[in-house]
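Colleague:
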Amino acid sequence: MADVAYVGQVANLRRAASPSAAVSTSPGQRGWQPRAGWHPAPQRMVIFAALVLTLSVSAQTAKSDENFRVYTDSPRLLLTKQRLRLLQRERERASMRWELFDSYVANGARMPEPGFAWALYYQVARNTAAGKNAVEWALGQEADAVADLRQLALVFDWCGPVMTPEQTDLLGAKIERGIGGASQGLTRANEVPRQSARILAAIAIADRLKDHGESILRPVVENWWRGTLVRQIEAGKPGVPREHIYAFLEMLHALRDNITIDLRESVPAYFQQLPLDHLTGHYPAPYPGPDNDFMVPVYVRDGNPDLSEAALSRAAGLAMVAYDNNAVETQYLQGWLLQDHFLMRGPFGIPYEFLWANPYQPGLSYSLLPLVYHNPANGDVFARTSWEEDATWIGYLEGQMQVFRDGKLQAARAGTGTKPVQIGDALLMNAPAADSKDGMLHFEAMTEATFVLGLAPRAAYDVEIDDEELAEQETDAGGTLVIALPAEMQAGVRIKKR
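Per the working numbering, the sequence shown starts with residue 11, numbered consecutively.
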C-alpha cells in the first residue's frame, strides 16, 4: 500500500519521513527503499515518462467517452443479480440475519426506514403485501420528497411490479420534485447524503427523464465530485465526512452498476487507504445499544456516541467489502466485521446488515495489523496498545488529538502537555509549546519513530537531533512530523517551523 507507514514494520523511517522518499509498504512487509546511489537509467526515465503520458491521455479519453444515460433493467439500485441471489438463498437457508429481518417485518414492527425495509423485503421474499406497504408509505404525507428521497428511489426501483400506472406516475413526479429540492441549500453537513440520494433517484426514474438522467448524473460526477471533493482530497483536506461514508458508498455502487463509472479512479490512493482508515478509526471499547453492542467510529463533536452513526459506520464497512472484496485492505476489514458480537439486531440496523453482509466471504485476521496506522495523505494517525477491548487508543484527525483510556475519551489541543503514549517502537505525542528563548520545540525521542502531532499541515520544519546536522522535514496533511532514530537510540530533538 502506497503512502502509508505501519510503525514497527517499516524500515528506514527517516527516509520515509522525507517528502522526496519513495516508500511502499504492506501489512507484514518492510518498507522498500532505493539503495544508496541508485538512480534510474535515462532510458527507464524516458519509458516511465511516456507511460505516464499514455495513461494520462487514456484516462482523459475514457472520461470523454463516458455515458451518463441510464438504460439498465430494474432493480438498478444496490441489488445486483448476484447480490439478490445471495439474499434469496439466505432466506431459503433461514440464516440468522434473515430470521431477524423477517421477524420485524412479518410481525408488523415499526421500522425507522419503512420504505427501505419493506421494499427490500419485497424483493427478497416476493411478498406483495410488503411491496404495497412500501408504495403506500412512499406516496403518503409521512414520506418527504427531499428528506426521504433515497427511500423513495429504492421503493420506485424495487417495487415497480406492484405499482399501478397511476401510482408509478405519482411517485415518479414526487421523486422529480425531490431531486430538484435536494439540490438547494447544499452545505458541508448535508451535501454527501443529498447528492447520493439525487444519484439514486435519477437512476431509478431515468426512463421518465428525456435524457435518461444525464443532466443530473453528469454535474454531480464532473463538477461536485471531480471538480470539488477530489481537489480537496488531493490537497490533503477532509473529503467525505466519516458520518457520510455510507451514503457515499451507495452512490459508488449505483454509478458503477448502471453507467460503469468508478469514482475511485479519480483518487485511487484515497480509496486504497479507506478500508484500513475506517477500521482503525473506531474506539477499542464497545458501546452497549438496546439490541447489540456497537463499535463507535471516531468523532470530534461533544456528547455521547450517536448509535445511528455507529450503525451506518458498520454498514459502510460492509458496503466497502461488497464493492471490492479482492483488495487486501478490504479483506482485513472483512475479518474485523465478521465478529458476530456486533451484528446489528435492531430495527434500524438489520436491513443494512442483511443487505450487505456476506458471511461466506473470508477475511484476514485484523489482529495481525500493526498497532500504529498513519495516513500522510490526510494526516490521520490511529494507534492502540493492543487489539483488545481494554486497549489505550490514541487518534489524531482534523487537527484534534484524542486519547481513549479506561473507557473514557479525552481530547487535547496542541501545547497542552498531554503525556506521550508509547506503542511498541513508536511514541505519539502532542506538539509541545515552543520554548520562549529560542522559539524551538524541545522533546526527547526515545523510540525508533516519534510522531509529533498538531503541527502546521504541510509545512517545512528545521529538525535538529543531538549529534546530527540540521535537516529539513515536511509535515503531512494533518500536521504530523515523524522523527526516526536507529533502534535503541535516544536523543534530544529540537524543531522549528521555517
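Beta carbons: idealized from backbone N, C-alpha and C, even for Gly.
When you compare only the Cα positions, how much space is there between Asp435 and Phe461?
Modeller: 11 angstroms
Colleague: Based on the DSSP secondary-structure assignment, which residues constitute the bridge partners of Ile433?
Modeller: Looking at the DSSP assignment, Ile433 forms a beta bridge with Ala436.
Colleague: Taking 8 angstroms as the threshold, find out whether the stretch 257-269 comes into contact with the stretch 400-412 through three or more Cβ pairs.
Modeller: No: fewer than three Cβ pairs fall under 8 angstroms.
Colleague: Return helix, strand or coil for Pro179, following the three-state DSSP convention.
Modeller: Per the sequence shown, residue 179 should be read as Asp rather than Pro. Looking at Asp179 - three-state DSSP - the assignment turns out to be helix.
Colleague: Provide the residue span of the alpha helix (DSSP H) that contains Ala332, from first to last.
Modeller: Element bounds for Ala332: 317-333.
Colleague: Leaving out five residues on either side along the sequence, give the residues of the same chain with a beta carbon under 8 angstroms from the beta carbon of Leu480.
Modeller: Within the same chain, Asp472, Val473, Glu474 come within 8 angstroms of Leu480 by CB-CB distance, once the 5 residues on both sides are set aside.
Colleague: Between Val165 and Ala144, which are expected to be in contact by the criterion C-beta below 8 angstroms, what is the C-beta distance as a whole number of angstroms?
Modeller: Contact holds; Cβ gap of about 5 angstroms.
Colleague: Which runs of the alpha helix (DSSP H) spanning at least 4 residues fall entirely within the stretch 200-262, listed in chain order?
Modeller: Listed in chain order, the complete alpha helix (DSSP H) runs (minimum 4 residues) inside the stretch 200-262 are 201-214, 224-229, 240-244.
Colleague: Inspect the CB distances between the stretch 284-291 and the stretch 361-372 and report whether three or more fall short of 8 angstroms.
Modeller: Verdict: no, contact absent.
Colleague: Going by DSSP in three states, Val67 sits in which element: helix, strand or coil?
Modeller: Confidence in Val67 is poor, its pLDDT being 48 and thus under 50, which makes the residue's placement unreliable; the coordinate value appears in the next sentence. If DSSP states are grouped into helix, strand and coil, Val67 belongs with the helices.
Colleague: Using only alpha-carbon positions, find the residue among Gly417, Asp390, Gln349, Leu227 that is nearest to Gly373.
Modeller: Gln349
Colleague: Use the C-beta contact count for His351: other C-beta atoms within 10 angstroms, 16 or more gives buried, fewer gives exposed.
Modeller: exposed
Colleague: By the three-class DSSP mapping on this structure, what secondary structure does Lys142 have?
Modeller: helix
Colleague: Taking its Cβ as the centre, do 16 or more other Cβ atoms sit within 10 Å of Pro85, making it buried, or is it exposed?
Modeller: buried
Colleague: What residue range does the beta strand (DSSP E) around Gln8 cover?
Modeller: Because the chain in this structure spans residues 11 to 508, residue 8 falls outside the shown range and cannot be described.
Colleague: Just the C-alpha distance for Asp272 and Asp112, rounded to the nearest angstrom, thanks.
Modeller: 33 angstroms
Colleague: Report yes if the CB atom of Phe414 is closer than 7 angstroms to the CB atom of Tyr293, and no otherwise.
Modeller: Yes, the Cβ-Cβ distance between Phe414 and Tyr293 is below 7 angstroms.
Colleague: Under 7 angstroms between the Cβ atoms of Pro285 and Thr340?
Modeller: yes
Colleague: Expressed to the nearest angstrom, what Euclidean distance is found between the alpha-carbon atoms of Gly488 and Tyr131?
Modeller: 44 angstroms
Colleague: The beta strand (DSSP E) that contains Trp403, what's its start and end?
Modeller: 403-407
Colleague: Taking Glu244 as the reference, give the member of Pro278, Ile215, Arg394, Leu149 with the closest Cα.
Modeller: Pro278
Colleague: Would you mind working out which of Leu437, Asp416, Asp154, Met305 sits nearest Tyr383, comparing C-alpha positions?
Modeller: Leu437
Colleague: Which one of Tyr81, Pro496, Thr485, Ile505 has the shortest CA to CA distance from His222?
Modeller: Tyr81
Colleague: My guess is that Gln500 and Ala455 are in contact by the Cβ rule of under 8 angstroms, so how many angstroms apart are they, rounded?
Modeller: 7 angstroms
Colleague: Could you give the C-beta distance for Gln412 and Val306, rounded to a whole number, given that I count them as a contact under 8 angstroms?
Modeller: With a Cβ gap of about 12 angstroms, Gln412 and Val306 do not count as contacting.
Colleague: Using CA atoms only, rank isn't needed, just tell me which of Asp179, Ser225, Pro296, Val156 is closest to Pro187.
Modeller: Note that residue 187 is Arg in the sequence shown here, rather than Pro. Cα-wise, what sits closest to Arg187 is Val156.
Colleague: May I ask you to report which of helix, strand or coil DSSP gives Phe166?
Modeller: helix
Colleague: Excluding the 5 residues flanking Pro50 on each side, which residues of the same chain have their C-beta closer than 6 angstroms to its C-beta?
Modeller: At Pro50, the pLDDT of 36 sits below 50, so the modelled position is not reliable and the matter cannot be decided from this model.
Colleague: The beta strand (DSSP E) that contains Ile505, what's its start and end?
Modeller: 501-507
Colleague: Hey, is Ala211's beta-carbon within less than 7 angstroms of any beta-carbon in chain C?
Modeller: Protein chain content of the structure displayed is limited to a single chain, and chain C is not contained in it.
Colleague: Among residues of its own chain, excluding the 5 on either side of Met354, which ones have a beta-carbon nearer than 7 angstroms to its beta-carbon?
Modeller: Hits under 7 angstroms: Asn302, Ala321, Arg324, Ile360, Tyr362, Glu363.
Colleague: How is Thr290 classed by DSSP in three states: helix, strand or coil?
Modeller: helix
Colleague: Could you please give me the residues that DSSP links to Arg494 through a beta bridge?
Modeller: Here residue 494 turns out to be Ala, not Arg, going by the sequence shown. Per DSSP, Ala459.
Colleague: Below 8 angstroms on the Cβ atoms is my contact criterion, and I expect Gly182 with Arg218 to pass it. Report the Cβ-Cβ distance as a whole number of Å.
Modeller: Indeed, because the Cβ distance is near 5 angstroms, the residues count as touching under 8 angstroms.
Colleague: Determine the contact status of Gln371 and Asn335, defining contact as a CB-CB distance below 7 angstroms.
Modeller: yes
Colleague: Out of curiosity, what's the CA-to-CA distance linking Phe258 and Val230?
Modeller: 12 angstroms
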